[in-house]
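Residue numbers (this note's numbering): 14 to 199. Every residue, glycine too, gets a C-beta built ideally from N, C-alpha and C.
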């Protein structure tokens, strides 16, 4: 269902976030996330001077490498186009994420390791969609390894149960596809 029609308005900013997940040949998982901010009009930038419509305000990316235990083993960042030269001091600080185990409370753990004054707000915000893309990517192994095991005979509860409204215990989606984990009726 599409959004309702908007009120009269003027386009002033675009942010594009693209995330891609990969299974490496060595068995590790990688996610790359890129952020691009642009404006549809010419404007002046403090350090870069005159900017044309569509010129990047921000163009940056991160790559996180994770093992099967959800531990970050590598973290890298690139700042291809940023408003201040000092922004380029931040990418090495992403290595603070190495050793972090993803799971409950991972967002707070990221914020604790990448404090606002010592990091980049945009890179830190980019980690959110990167990690959720990583979780989606890692579900590939779960799906690929189901083999002869059917949804109805699966012995281990899928990781996504109770992760959202549709996959809640007792809900109709879980009852339909994984009735053995559906729990009590609503």
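### Query
So which of 60, 66, 79 has the shortest CA-CA distance to residue 52?
66
### Query
Leaving out five residues before and five after residue 140 in sequence, what residues of the same chain have Cβ atoms less than 7 Å from its Cβ?
Same-chain partners within the cutoff: 75, 123.
#### Entry: Length-filtered (4 minimum) alpha helix (DSSP H) runs lying within the stretch 88-149
119-126
### Task
Check the DSSP bridge columns for residue 64 and list the partner residues they point to.
DSSP lists 56 as the beta-bridge partner residues of residue 64.
### Message
Cutting at 7 Å between CB atoms, please list the residues of its own chain near residue 135, excluding the five before and the five after it.
### Response
48, 71, 73
### Query
By the 10 Å Cβ neighbour count, where 16 or more other Cβ atoms means buried, how is residue 126 classified, buried or exposed?
buried
### Message
Using a Cβ-Cβ cutoff of less than 6 Å, which residues in the same chain neighbour residue 107 once the five nearest sequence positions on both sides are dropped?
### Response
88, 90
### Under the three-state DSSP convention, the category residue 14 falls into
Looking at residue 14 - three-state DSSP - the assignment turns out to be coil, as it is neither helix nor strand.
#### Entry: Cβ-Cβ distance between residue 79 and residue 119 below 8 Å
Residue 119 is positioned such that its CB atom lies no closer than 8 Å to that of residue 79.
### Query
Who are the Cβ neighbours of residue 143 in its own chain at under 7 Å, not counting the five residues just before and after it?
32, 44, 46, 75, 77
### Task
May I ask you to report which of helix, strand or coil DSSP gives residue 170?
coil
### C-beta contact flag for residue 85 and residue 103 at 8 Å
no
### Task
Starting from the C-beta of residue 109, find all residues in its chain whose C-beta is less than 7 Å away, skip the five residues before and the five after it, and write them out in chain order.
126, 127
### Query
Alpha carbon to alpha carbon, what distance is there between residue 189 and residue 195?
9 Å
### Task
Could you have a look at residue 10 and say whether DSSP puts it in helix, strand or coil?
This structure cannot speak to residue 10, because the chain is shown only from 14 to 199.
### Task
List the endpoints of the continuous beta strand (DSSP E) containing residue 71.
69-79
### Euclidean distance between Cα positions of residue 68 and residue 83
37 Å
### Query
Which whole-angstrom value describes the C-beta separation of residue 40 and residue 150, a residue pair presumed to lie in contact below a C-beta threshold of 8 Å?
Not confirmed; about 13 Å, so no contact.
### Message
Measuring only the C-alpha atoms, how far is residue 187 from residue 173?
### Response
10 Å
### Task
Can you say whether residue 27 is buried or exposed, counting buried as having 16 or more other CB atoms within 10 angstroms of its CB?
exposed
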